[in-house]
Amino acid sequence: MRQSLDDAGRLASLQALGLLDSEPDPIYDRFTRLVAKLLDVPVALVSLVDDHRQFFKSCIGLPPPWDAERQTPLSHSFCQHCVNRGEPLIIVDATNDPLVRNNLAVSELGVRAYLGIPIFVEGGYCVGSLCAIDTEPRDWTEADVESLTDVCRSLETELRLLQQLNDATEVSRRKSVFMAELSHELRNPMTPVLGIAQLLANGQVGENEQQEMYNVLLQQSRQLTRLVDELLDLSRIERGKIKLSRGPCDLVSIVRHSAETIQDSLKTKSLSLTVLGDERPCWVYADQSRLIQVVTNLLTNACRYTQKHGNIQVEVFSASDQGCLVVSDDGIGLSEQELKRVFDLFHQAPSARSRQRGLGIGLSLVRRLVELHDGQIAMASQGRGSGCRATVRLPSTGEPISLSQADSVESGQTCDLPLDILVVDDQSANRYVLRCLLEAEGHRVRAASSVKEAWDEISRRAPSVIFSDIQMPEIDGHEFARQVRADDRVASVPLVAVTGEALSSEAEAAKAAGFDMHLNKPVSAEKLRGALSDVKSEVQAD
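So the sequence shown is numbered by the working numbering: it starts at 14 and just counts up by one.
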């Protein structure tokens with residue numbers, strides 16, 4: 014198979030080996046010494062060919078000064094032809110061969126006879142050749158070709174092992190960086206939370222400062238929730254457990270909604286955000302909540318890597334059968350190499366690390382969500398300092414017949430019934446917060462720290478709704494749900510699972526045990542209102 018020397022995939026595979034310009038290695042010298050002995054030749058090479066030179070990872074018998082330099086330009090290379098053709102190259106007498114007779118290796122390196130076997134790596138790319146060279150004309154035998162081919166296959170096995178080692182080392186390095194960044198990202202929002210909690214506990218907060226501190230607590234809590242949700246989303250996608258609820262979504266409305274959520278980031282860095290395009294809706298077939306996640310992540314990323322007083326531009330338009338979103342910025346930009354890995358999990362551009370911290374999961378998550386929607390995403394940049402442009406294309410759909418067919422970006426679910434609610438959780442802090450949130454909505458709330466206490470409360474008075482944790486000592490939430498469904502007094506009472514286990518398998522297990530709904534911690538007031546709204550038809554006010 015013919016391959017161009019400047020093929021991007023070939024060059025990337027060659028670079029990934031990490032052998033170009035590396036020090037001599039006895040492992041590869043063993044291959045060239047074996048070739049020299051087997052074929053009785055004065056020169057044997059492991060030659061790696063890029064787009065402008067050949068580098069000798071091992072060279073036995075090469076004359077000076079080439080033996081010290083360990084490389085030549087392509088004007089002195091027979092191996093380039095072996096790579097180009099992707100098959101063995103046999104030269105009996107270079108001075109009479111039209112392919113190489115004008116090659117400077119003939120006059121300056123003394124090459125007369127040449128036998129080269131292409132070296133292939135994973136992906137089918139040819140990165141160089143293992144070659145035997147004679148200073149006299151030579152009729153290479155079939156046995157010569159077979160012997161050199163056998164040695165070359167062994168060399169390829171060595172290179173495959175090297176690739177696997179490099180890949181494993183890189184994964185390990187990226188995981189180490191990820192864990193360090195995760196610690197940083199978790200500690201950042203926890204620092205103000207802990208500090209404000211101590212100030213409140215010590216009574217050191219004046220009335221004028223309280224609202225600002227509450228805002229900080231809310232903002233940092235949302236940051237922690239977003240971080241955990243992204244990690245869990247990646248896990249779900251990796252295991253094929255994420256489910257999309259797709260329907261007509263207006264991309265224009267979603268951009269407006271996402272733009273609102275990043276206003277604080279824009280103000281902090283004095284960034285300008287411009288939204289271009291038609292005011293008319295751009296309908297795409299998507300899961301609205303996931304699409305909001307994609308757009309918000311792209312805008313957040315643009316904010317993160319754009320310097321103060323910079324500009325961010327969003328454009329929405331329809332093209333053929335696709336809805337298109339383009340997010341551009343005039344930030345730090347990406348090099349060609351960084352662009353190739355921008356969507357890799359845990360990857361962060363080196364040029365960005367010193368300026369911004371992060372986990373390197375946002376764009377990887379975005380790409381996977383877009384692909385789940387049968388869409389495409391591409392990132393472009395003219396280089397460092399020239400900004401970036403992310404383009405998302407999603408399948409378009411017709412305008413819904415009625416507004417009820419399209420999801421609303423904002424949810425305003427409420428439950429006006431004053432309910433008698435039982436909260437069951439072995440963690441006192443969770444019980445306290447859940448109780449306060451429900452009481453703030455006007456409901457009567459009782460709390461139990463165990464299933465035994467819960468049954469004591471039920472014996473006193475049957476509740477209208479039960480919120481229960483899953484992971485509890487002695488008797489867990491699943492068993493409690495089964496007990497409730499078997500007891501005539503509360504068999505029909507709506508059961509809501511509240512748990513930190515956010516895997517889809519946990520939601521399925523909760524439903525199988527008898528729960529009507531499953532809420533992931535942390536639970537906000539909005540989530541509680543939505544849950545109570547969904548079960549309000551089944552409950553009766555006292």
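Glycine included, each C-beta is placed from N, C-alpha and C at the ideal position.
Legend entry - First and last residue of the uninterrupted alpha helix (DSSP H) at W79: Against the sequence shown, residue 79 aligns to sequence position 66. Run containing W79: W79 to E82, per the alpha helix (DSSP H) assignment.
Inset, instruction - Look up S60 in the DSSP assignment and give the residues it is bridged to. - result: Here residue 60 corresponds to residue number 47 of the sequence shown, with the count starting at 1. S60 is bridged to F69 and S142.
Inset, instruction - Given a cut-off of 8 angstroms, decide if V506 and P476 are closer than it, judged by their beta-carbon atoms. - result: If you number the sequence shown from 1, residue 476 lands on position 463. If you number the sequence shown from 1, residue 506 lands on position 493. Against a cut-off of 8 angstroms, the Cβ pair of V506 and P476 comes out as a contact.
Legend entry - Inter-stretch contact at 8 angstroms, needing at least 3 Cβ pairs: the segment 276-289 / the segment 303-310: no
Legend entry - Within 8 angstroms, strictly: CB atoms of L18 and C144: Locating residue 18 in the sequence shown gives position 5, where the first residue counts as 1. Locating residue 144 in the sequence shown gives position 131, where the first residue counts as 1. Not closer than 8 angstroms, so no.
Inset, instruction - Report buried or exposed for Y21, applying the criterion of at least 16 other Cβ atoms within 10 angstroms of its Cβ. - result: Along the sequence shown, one-based indexing puts residue 21 at 8. Note on identity: in this sequence residue 21 is Ala, with Tyr being the wrong assignment. Label assigned to A21: exposed.
Legend entry - C-alpha distance - A419 paired with R457, whole-angstrom precision: Reading the sequence shown from its first residue, position 406 is the one you call residue 419. Reading the sequence shown from its first residue, position 444 is the one you call residue 457. Bear in mind that a pLDDT of 44 at A419, under 50, signals an unreliable position, so the model cannot answer this.
Inset, instruction - Using 10 angstroms around the beta-carbon of D300, count the other beta-carbons present and answer buried if the total reaches 16, otherwise exposed. - result: Within the sequence shown, the letter at position 287 stands for residue 300. Label assigned to D300: buried.
Inset, instruction - Could you tell me which residues DSSP puts in a beta bridge with Y127? - result: Position 114 of the sequence shown, counting from 1, holds the residue named residue 127. Per DSSP, I104 and I146.
Legend entry - Distance between beta carbons of L128 and V158, contact taken as under 8 angstroms: The count along the sequence shown starts at 1 and reaches residue 158 at position 145. The count along the sequence shown starts at 1 and reaches residue 128 at position 115. At roughly 7 angstroms, the Cβ-Cβ gap stays under 8 angstroms, so V158 and L128 are in contact.
Legend entry - Any 3 or more C-beta pairs closer than 8 angstroms across the segment 194-210 and the segment 233-241: yes
Legend entry - Nearest neighbour of P150, chosen from V54, R495, P131 and A29 [CA to CA]: Here residue 150 refers to the residue found at position 137 of the sequence shown. Measuring from the Cα of P150, the nearest candidate turns out to be V54.
Legend entry - Inter-residue Cα distance where the pair is A332 and L338: Translated into positions along the sequence shown, residue 332 becomes position 319. Translated into positions along the sequence shown, residue 338 becomes position 325. Cα to Cα, the separation comes out at about 10 angstroms.
Legend entry - Opposing strand residues paired with G336 [DSSP bridges]: As a position in the sequence shown, residue 336 is number 323, starting the count at 1. Paired residue(s): S331 and L407.
Inset, instruction - Pull up the distance between the alpha-carbon of L376 and that of W296, whole angstroms please. - result: Taking the first residue of the sequence shown as 1, we reach residue 376 at position 363. Taking the first residue of the sequence shown as 1, we reach residue 296 at position 283. Near 23 angstroms, if we compare the C-alpha coordinates of W296 and L376.
Legend entry - Residue of S348, C262, G490 and L378 minimising C-alpha distance to D357: Within the sequence shown, residue 357 is the residue found at index 344, counting from 1. Considering only alpha carbons, the answer is L378.
Legend entry - Where K70 falls, given that 16 or more other Cβ within 10 Å makes a residue buried: Position 57 of the sequence shown, counting from 1, holds the residue named residue 70. Burial call: buried.
Legend entry - Nearest to L75 (by Cα), restricted to the options V548, L87, G398 and G123: Position 62 of the sequence shown, counted from the first residue, corresponds to residue 75. Of V548, L87, G398 and G123, the residue nearest in Cα terms is G123.
Legend entry - Terminal residues of the beta strand (DSSP E) in which V436 lies: Within the sequence shown, numbered from 1, the residue matching residue 436 stands at position 423. Looking at the DSSP string, the run of the beta strand (DSSP E) that includes V436 is D433 to V437.
Legend entry - Bounding residues of the beta strand (DSSP E) (the contiguous stretch that carries L284): Counted from its first residue, the sequence shown places residue 284 at position 271. Segment: none, L284 is in no beta strand (DSSP E) and carries neither H nor E.
Inset, instruction - Count the other CB atoms, across all protein chains shown, that sit within 10 Å of the CB of S266; report buried if there are 16 or more and exposed otherwise. - result: Numbered from its first residue, the sequence shown carries residue 266 at position 253. Buried, since its Cβ has 16 or more Cβ neighbours within 10 Å.
Legend entry - Buried or exposed (CB count within 10 angstroms, at least 16 for buried), R366: Here the question's residue 366 lines up with position 353 in the sequence shown. Low confidence applies to R366: its pLDDT is 43, below 50, so where it sits in the model is not reliable, and the reading given next is rough at best. That one is exposed.
Legend entry - Among V218, Y227, P131 and S35, nearest to I103 - alpha-carbon criterion: Translated into the one-based positions of the sequence shown, residue 103 becomes position 90. Per the Cα distances, P131.
Inset, instruction - Select from Q484, I483 and A461 the residue whose C-alpha is nearest the C-alpha of R558. - result: Shown here, the chain extends from 14 to 555; a query on residue 558 therefore has no answer.
Inset, instruction - Can you have a look at G137 and say buried or exposed, based on whether 16 or more other CB atoms are within 10 angstroms of its CB? - result: Position 124 of the sequence shown holds residue 137. Under this definition G137 is an exposed residue.
Inset, instruction - Determine which residues share a DSSP beta bridge with A579 and list them. - result: Nothing about residue 579 can be reported from this structure: the residues present for the chain run from 14 to 555 only.
Legend entry - Length-filtered (4 minimum) alpha helix (DSSP H) runs lying within the segment 494-535: 517-526
Inset, instruction - Indicate whether the contact test is met: 3 or more Cβ pairs, each with one atom in the segment 99-114 and one in the segment 77-84, closer than 8 angstroms. - result: no
Inset, instruction - Compute the Euclidean distance between the alpha carbons of G323 and T309, then round it to the nearest angstrom. - result: Sequence index remark: in the sequence shown, residue 323 carries index 310 (1-based). Sequence index remark: in the sequence shown, residue 309 carries index 296 (1-based). In a straight line, the C-alpha of G323 is about 18 angstroms away from that of T309.
Inset, instruction - Counting only the same chain and skipping the five closest in sequence on each side, list residues whose C-beta sits under 7 angstroms from that of D263. - result: Residue numbering aside, residue 263 sits at position 250 when the sequence shown is read from its first letter. Result list for D263: P294, C295, W296 and A419, in chain order.
Inset, instruction - Grab me the residues of V327's own chain with a C-beta within less than 6 angstroms of its C-beta, minus the 5 sequence neighbours each way, in chain order. - result: As a first step, residue 327 must be located in the sequence shown, where it is residue number 314. Answer for V327: V268, V288 and V340, listed in chain order.
Inset, instruction - Compute the beta-carbon to beta-carbon distance between V437 and V464, rounded to the nearest angstrom, for a pair I have assumed lies under 8 angstroms. - result: Here residue 437 corresponds to residue number 424 of the sequence shown, with the count starting at 1. Here residue 464 corresponds to residue number 451 of the sequence shown, with the count starting at 1. With a Cβ gap of about 7 angstroms, V437 and V464 count as contacting.
Inset, instruction - Report yes if the CB atom of G290 is closer than 8 angstroms to the CB atom of F330, and no otherwise. - result: Mapped onto the sequence shown, residue 290 falls at position 277. Mapped onto the sequence shown, residue 330 falls at position 317. Their beta carbons are under 8 angstroms apart, which means G290 touches F330 by this criterion.
Legend entry - Distance CB(L451)-CB(L385) smaller than 8 angstroms: For the purposes of this step, residue 451 is taken as the residue at position 438 of the sequence shown. For the purposes of this step, residue 385 is taken as the residue at position 372 of the sequence shown. No, they are not a contact pair.
Legend entry - Rounded C-alpha distance that separates I434 from R187: Position 421 of the sequence shown, counted from the first residue, corresponds to residue 434. Position 174 of the sequence shown, counted from the first residue, corresponds to residue 187. One C-alpha to the other measures close to 47 angstroms.
Legend entry - Range of the contiguous beta strand (DSSP E) that encloses A299: The sequence position of residue 299 within the sequence shown is 286, counting from 1. Its beta strand (DSSP E) spans residues W296 to D300.
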